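*Asks:* One structure is given below, represented as structure tokens, and several questions about it will come after.
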């Protein structure tokens, strides 16, 4: 499989698949959400079930009468419930958040016994950034869901990152575990988790991956930084994915990449029965479509 190094390649690969993904869109009432869904339809990436105030969706439904289905919902909570039910019935492959509060959608996903989180699974967030001066995509986790991951949650995040990298054509993912220091220390308990994760990776828990840390961002992403610091790491300054220490660092880095680094970004939730596009209501059409394409790529497997 050819490595995917930019978002356009995701859509191109999806178009080659014999069957389109099916999106359950929850309250896609805003223009950016509708434009993102239109792109998915026009680029032949996915079909759509639009759930909410159906009077707002008729223009799209008329353009694609055979590929768009509309379901009326009295309010966002009911729309979220209907979307989750559509996934459970096998009528949709991924969820897309429109003009609905994240908490309302997450409650439907996490609701027992009829939600979408299998027992023992960890719901977490994976972000993807395409940077102007970088030859490949950069993945990050977690920037949006888990405030301070424990060891079990970090184990799940490593697994999800490795899986996402492989879906992008990276056979041996390089995962850097970020921190402000590059030494394991009792002063920073999470670095002890990093040490455990390295040991588990060496035992083959996540297949063929290279994982190292703690390390700072420059050591993870700049080959010359490790040489200057005399740090011998399997990452070699060429990380494919960054495991963030906590949501604070992750969220700030994610937004800084876009705001100051000119990155194009996308993000999805992993761990549920299907990928979930949980973009901000203020995100651009491009960010929403990129997230849809990434989610569809993950769902296609």
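In our numbering, the protein residues as written are 1174 to 1474.
Note that CB positions come from ideal geometry on N, CA and C, so glycine has one too.
Nothing here was measured: the structure is a model prediction, and the numbers come from that model.
Measuring only the C-alpha atoms, how far is residue 1389 from residue 1349?
*Replies:* Position 216 of the chain shown, counted from the first residue, corresponds to residue 1389. Position 176 of the chain shown, counted from the first residue, corresponds to residue 1349. Cα to Cα, the separation comes out at about 9 Å.
*Asks:* By how many angstroms is the C-alpha of residue 1207 removed from the C-alpha of residue 1243?
*Replies:* Within the chain shown, residue 1243 is the residue found at index 70, counting from 1. Within the chain shown, residue 1207 is the residue found at index 34, counting from 1. Their backbone Cα atoms lie some 13 Å apart in a straight line.
*Asks:* Taking the alpha-carbon positions, what's the residue 1227 to residue 1234 distance?
*Replies:* Taking the first residue of the chain shown as position 1, residue 1227 is located at position 54. Taking the first residue of the chain shown as position 1, residue 1234 is located at position 61. Pairing residue 1227 with residue 1234, the inter-Cα distance amounts to about 9 Å.
*Asks:* Could you tell me whether the region 1455 to 1465 touches the region 1425 to 1440, where touching means 3 or more Cβ pairs closer than 8 Å?
*Replies:* yes
*Asks:* Among 1193, 1415 and 1471, which residue has its Cα nearest to the Cα of residue 1449?
*Replies:* Locating residue 1449 in the chain shown gives position 276, where the first residue counts as 1. Ranking 1193, 1415 and 1471 by Cα distance to residue 1449 puts 1471 first.
*Asks:* Out of 1276, 1247 and 1305, point me to the one whose CA is closest to residue 1225's CA.
*Replies:* Translated into the one-based positions of the chain shown, residue 1225 becomes position 52. It is 1247.
*Asks:* Please return the same chain residues whose Cβ sits closer than 6 Å to the Cβ of residue 1249, not counting the five positions on each side in sequence.
*Replies:* Start at 1 with the first residue of the chain shown, and residue 1249 comes out as number 76. The answer, listed in chain order, is 1200, 1273 and 1277.
*Asks:* Considering Cα atoms alone, identify which of 1236, 1204 and 1306 is closest to residue 1179.
*Replies:* Here residue 1179 corresponds to residue number 6 of the chain shown, with the count starting at 1. Ranking 1236, 1204 and 1306 by Cα distance to residue 1179 puts 1306 first.
*Asks:* Going by beta-carbon coordinates alone, are residue 1266 and residue 1196 separated by less than 9 Å?
*Replies:* The residue you call residue 1266 lines up with position 93 of the chain shown. The residue you call residue 1196 lines up with position 23 of the chain shown. Yes. Within cutoff.
*Asks:* Unbroken alpha helix (DSSP H) runs of length 4 or more, entirely within the region 1304 to 1373: which are they?
*Replies:* Unbroken alpha helix (DSSP H) stretches of 4 residues or longer found wholly inside the region 1304 to 1373: 1324 to 1340, given in chain order.
*Asks:* With residue 1399 and residue 1351 assumed to form a contact (beta carbons below 8 Å), what rounded beta-carbon distance in angstroms separates them?
*Replies:* Along the chain shown, read from residue 1 onward, the residue named residue 1399 stands at position 226. Along the chain shown, read from residue 1 onward, the residue named residue 1351 stands at position 178. Not a contact, Cβ separation roughly 14 Å.
*Asks:* Among the candidates 1330, 1287 and 1236, whose CA atom is the shortest distance from the CA of residue 1318?
*Replies:* Position 145 of the chain shown, counted from the start, is the residue given in the question as residue 1318. Residue 1318 has its Cα closest to that of 1330, out of 1330, 1287 and 1236.
*Asks:* Rounded to the nearest angstrom, what separates residue 1185 and residue 1360 at their Cα positions?
*Replies:* The sequence position of residue 1185 within the chain shown is 12, counting from 1. The sequence position of residue 1360 within the chain shown is 187, counting from 1. Approximately 47 Å, taken between the alpha carbons.
*Asks:* State the Cα-Cα distance for the pair residue 1332 and residue 1321, rounded to the nearest angstrom.
*Replies:* Counted from its first residue, the chain shown places residue 1332 at position 159. Counted from its first residue, the chain shown places residue 1321 at position 148. Cα to Cα, the separation comes out at about 17 Å.
*Asks:* Buried or exposed, going by whether 16 or more other CB atoms sit within 10 Å of the CB of residue 1353?
*Replies:* The residue you call residue 1353 lines up with position 180 of the chain shown. Burial state of residue 1353 is exposed, judged by a 10 Å Cβ sphere holding fewer than 16 other Cβ atoms.
*Asks:* Please report the residue range of the alpha helix (DSSP H) in which residue 1394 lies.
*Replies:* In the chain shown, counting from the first residue as 1, residue 1394 sits at position 221. Residues 1390 to 1394.
*Asks:* Per DSSP, residue 1199 forms a beta bridge with which residues?
*Replies:* As a position in the chain shown, residue 1199 is number 26, starting the count at 1. DSSP lists 1224 and 1270 as partners of residue 1199.
*Asks:* Note down, in chain order, each residue of its chain lying with its Cβ closer than 6 Å to the Cβ of residue 1220, except the 5 sequence neighbours on either side.
*Replies:* For the purposes of this step, residue 1220 is taken as the residue at position 47 of the chain shown. Excluding sequence neighbours, residue 1220 sits near 1193, 1195 and 1240.
*Asks:* What are the start and end residues of the beta strand (DSSP E) that includes residue 1245?
*Replies:* Residue mapping note: residue 1245 aligns to position 72 of the chain shown, counting from 1. Start and end: 1241 to 1245.
*Asks:* With DSSP as the reference, identify every bridge partner of residue 1219, one or two as the case may be.
*Replies:* For the purposes of this step, residue 1219 is taken as residue 46 along the chain shown, with counting starting at 1. According to DSSP, which records beta bridges pairwise, residue 1219 is partnered with 1194.
*Asks:* Helix, strand or coil: how does DSSP classify residue 1378 here?
*Replies:* Stepping through the chain shown from its first residue, residue 1378 is reached at position 205. In this structure, residue 1378 counts as coil in the three-state DSSP scheme.
*Asks:* For residue 1387, which of helix, strand or coil comes out of DSSP?
*Replies:* One-based indexing of the chain shown puts residue 1387 at position 214. If DSSP states are grouped into helix, strand and coil, residue 1387 belongs with the strands.
*Asks:* Just the Cα atoms here: how many angstroms apart are residue 1358 and residue 1418?
*Replies:* Locating residue 1358 in the chain shown gives position 185, where the first residue counts as 1. Locating residue 1418 in the chain shown gives position 245, where the first residue counts as 1. Each residue's alpha carbon lies about 14 Å from the other.
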